[in-house]
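Counting in our numbering, the sequence shown runs from 5 upward without gaps.
Yeah, the Cβ is synthetic: ideal placement off N, Cα and C, and Gly gets one too.
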Amino acid sequence: MKIINSKQIKEWDQLTIKHQNISSWDLMERAVLKLTENIVNDIPSKAPIIIFCGKGNNGGDGLGVARELEKLGYKTLIYILKSENYSEDNLKNQQLLSSNELHFFNLNEELQLPENSVIIDAIFGIGINQPLDDDWNSIFNQIEKSNPTQIISIDLPSGFIADLPMQKYFPCCKSNKTYTFQVPKLGLLFPENQIYTDEFILLDIGLEQNVSNEFETDYYFIQKNDIQKFLKKISKFSHKGTFGHTLIIGGSLGKIGSIVLTAKAALKTGSGLVTTYTPQCGLNILQTNLIESMSLVDDSEKQIEYFPEIKIYQGVAVGMGMGQHPTTDANFINWIKNQKQPLVIDADALNCLAKQKDCFTLIPQDSVLTPHPKELQRLIGEWENDFEKLEKVKKLAVFHQLTFIIKGFYTAVITSDGKTYFNSTGNWGMATAGSGDTLSGIIASLIGQGYNSSEASILGVYLHGLAGDFAVKKIHPHSLIASNISDFISEAYFYLDSNF
Ligand SMILES: NC(=O)C1=CN([C@@H]2O[C@H](COP(=O)(O)OP(=O)(O)OC[C@H]3O[C@@H](n4cnc5c(N)ncnc54)[C@H](O)[C@@H]3O)[C@@H](O)[C@H]2O)[C@@H](O)CC1
Ligand SMILES: Nc1ncnc2c1ncn2[C@@H]1O[C@H](COP(=O)(O)OP(=O)(O)O)[C@@H](O)[C@H]1O
Ligand SMILES: [K+]
Numbered sequence: 005m006k007i008i009n010s011k012q013i014k015e016w017d018q019l020t021i022k023h024q025n026i027s028s029w030d031l032m033e034r035a036v037l038k039l040t041e042n043i044v045n046d047i048p049s050k051a052p053i054i055i056f057c058g059k060g061n062n063g064g065d066g067l068g069v070a071r072e073l074e075k076l077g078y079k080t081l082i083y084i085l086k087s088e089n090y091s092e093d094n095l096k097n098q099q100l101l102s103s104n105e106l107h108f109f110n111l112n113e114e115l116q117l118p119e120n121s122v123i124i125d126a127i128f129g130i131g132i133n134q135p136l137d138d139d140w141n142s143i144f145n146q147i148e149k150s151n152p153t154q155i156i157s158i159d160l161p162s163g164f165i166a167d168l169p170m171q172k173y174f175p176c177c178k179s180n181k182t183y184t185f186q187v188p189k190l191g192l193l194f195p196e197n198q199i200y201t202d203e204f205i206l207l208d209i210g211l212e213q214n215v216s217n218e219f220e221t222d223y224y225f226i227q228k229n230d231i232q233k234f235l236k237k238i239s240k241f242s243h244k245g246t247f248g249h250t251l252i253i254g255g256s257l258g259k260i261g262s263i264v265l266t267a268k269a270a271l272k273t274g275s276g277l278v279t280t281y282t283p284q285c286g287l288n289i290l291q292t293n294l295i296e297s298m299s300l301v302d303d304s305e306k307q308i309e310y311f312p313e314i315k316i317y318q319g320v321a322v323g324m325g326m327g328q329h330p331t332t333d334a335n336f337i338n339w340i341k342n343q344k345q346p347l348v349i350d351a352d353a354l355n356c357l358a359k360q361k362d363c364f365t366l367i368p369q370d371s372v373l374t375p376h377p378k379e380l381q382r383l384i385g386e387w388e389n390d391f392e393k394l395e396k397v398k399k400l401a402v403f404h405q406l407t408f409i410i411k412g413f414y415t416a417v418i419t420s421d422g423k424t425y426f427n428s429t430g431n432w433g434m435a436t437a438g439s440g441d442t443l444s445g446i447i448a449s450l451i452g453q454g455y456n457s458s459e460a461s462i463l464g465v466y467l468h469g470l471a472g473d474f475a476v477k478k479i480h481p482h483s484l485i486a487s488n489i490s491d492f493i494s495e496a497y498f499y500l501d502s503n504f
């Protein structure tokens, strides 16, 4: 699914109105019904509800929801911003409510807000592209002080600017949940913006799909149907060779577990053969814990000193648990600069590269780098905000023809053609030791199975998160450990095979 900016969404609304031969009111009514249908599941039937409405169409949505909730027997208190210029559909919605139900407010007013209410925030949506006046802080503070049981935002937390960096001092309503229409808004996907809403939920309001080609973007949100489109078909004549031979290079004394995890993930993702290359201390551990894998060992007991020939392998991952012994570091650099085939580069291999000047020139084209935020910062230096981070990485990806995976919630895959794919699967239970090692194994396996680096990264990140999501249905997120993720890759595949 494409992620487009606020201006494009407004154009999309207009094109939908034209192509579907409906009015803007009809579209708002669709939004209102979808919102109500969802919001009623969030609200206990007796809960006091306060709906804050602005003067534009976001306020119009809020007023419409108030009307529908009242029809269902809920009691609502409606506050609407006093204004001279309401949007047409906002006014029409006001007229459908009796005037004594509407409380008009000014920014400098003390409001009478009952405590422990559910607040619906429909003041601003995608209609703002600059920060709100500081005066808004008084309203947002009063909302917060009233101890609401939950705050639900419509389309965006009011004051949130979706397409530009937010500054902590910009006034903004902070909510527990945001129902956002049709497509995710870019800023909602950034880790630095998690303070504005705990989660967002997409609501499909039937914007015209036939016109979505009109909108150019470099940003995508990856869901099941996107992934299904590029899954390879399997022939019944397939054999071990079809699914590739994956090599996992890494480990050091005390960190062999990371290689067990990576190799297990590669096997569970479907590699035909998996070989590991570790220092000697890894041999017994691997041969005992993962009998399906084959082991090669370095001459050295505790850390890798000589890196292997990799030509016969179709997928190669390097760096997990490798440590940063000076000999390992020096020989890794000598080795990598002579490689021609794409590698999945993780953990200590990234840390080692980060110590080199112009490190990206040493990496074979089409390689995949999988840094977590700290590793990324070592590689590219500081960034001011997440927009700048993405721009920095995009430039490097295009210039050096690499794929970067920035890990976290909504992991971002930045490909060598400058596009960014945000992942929609995964959960906090996956913030556990070795979860990244598992991801590297999945991606190396997919490259071994013939996916190109971008496809393997997008699919791998999705599969990893999905396996984690299936895992937490059976295992509490606190108790989830990395090897559990691999155990649920099978469930993830079943789900992708299905059409529901
Ligand atoms: N037909 C449509 O176009 C649909 C629109 N929808 C809703 O409409 C919203 C967009 O509506 P609007 O375009 O009216 O925008 P908003 O309702 O988000 O805000 C617009 C109002 O805010 C004022 N404003 C803008 N920047 C400001 C600032 N920095 N400080 C103070 N005031 C500012 C504008 O003057 C205008 O009155 C969406 O977020 C969504 O909730 C939905 O009903 C779906 C259909
Ligand atoms: N809160 C979260 N939500 C979703 N995924 C997460 C979350 N926290 C971590 N992850 C995922 O878990 C993995 C952690 O990787 P990493 O930090 O490299 O772990 P390790 O070094 O222990 O293997 C990444 O794929 C990341 O996207
Ligand atoms: K809002």
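Residue 153 - DSSP class collapsed to helix/strand/coil: If DSSP states are grouped into helix, strand and coil, residue 153 belongs with coil.
Closest by C-alpha distance to residue 133, when choosing among 336, 319, 162, 199: 162
Segments assigned beta strand (DSSP E), at least 3 residues, entirely inside the segment 61-98: 80-85
Those residues which DSSP pairs with residue 226 across a bridge: 427
Any non-hydrogen atom of ligand 2 within 7 Å of residue 108 CB: The answer is no for residue 108.
Distance cut-off 7 Å: residue 447 Cβ against heavy atoms of ligand 1: Not one heavy atom of ligand 1 lies closer than 7 Å to the C-beta of residue 447.
Every unbroken beta strand (DSSP E) within the segment 350-438, with a cutoff of 3 residues, ordered by chain: Annotation note: the segment 350-438 contains the following uninterrupted beta strand (DSSP E) runs of length 3 or greater, listed N- to C-terminal: 407-410, 416-418, 424-427.
Those residues which DSSP pairs with residue 6 across a bridge: 224
Beta-carbon proximity list for residue 198, same chain, < 8 Å, skipping 5 on both sides: Cβ neighbours of residue 198 beyond the five flanking positions: 413.
Residue from 305, 276, 186 with nearest C-alpha to residue 448: 276
Contact test: residue 408 Cβ vs ligand 1 heavy atom, cutoff 7 Å: no
DSSP state of residue 210 mapped onto helix, strand, coil: Three-state DSSP puts residue 210 in coil, outside helix and strand.
Short CB-CB distance (under 8 Å) between residue 221 and chain B: Note that chain B does not occur in the displayed structure, where there is just one protein chain.
Rounded straight-line distance, which links the Cα of residue 443 to that of residue 405: Across the structure, residue 405 and residue 443 are spaced so that their CA atoms are roughly 21 Å apart.
C-beta contact flag for residue 147 and residue 66 at 8 Å: Taking a C-beta distance under 8 Å as the contact criterion, residue 147 and residue 66 do not qualify as a contact pair.
Closer than 7 Å: residue 24 CB and nearest ligand 1 heavy atom: no
Contact between the segment 289-306 and the segment 259-267 (3+ Cβ pairs under 8 Å): Contact check between the segment 289-306 and the segment 259-267: three or more CB pairs, one atom from each, fall below 8 Å, which counts as touching.
Neighbourhood of ligand 4 [Cβ distance below 6 Å to any heavy atom], ordered by chain position: Among the ligands in the structure shown, ligand 4 does not appear; only ligand 1, ligand 2 and ligand 3 can be found there.
Member of 222, 166, 210 whose CA lies at the smallest distance from the CA of residue 399: 222
Contact under 8 Å by Cβ, residue 340 with residue 367: Yes. Within cutoff.
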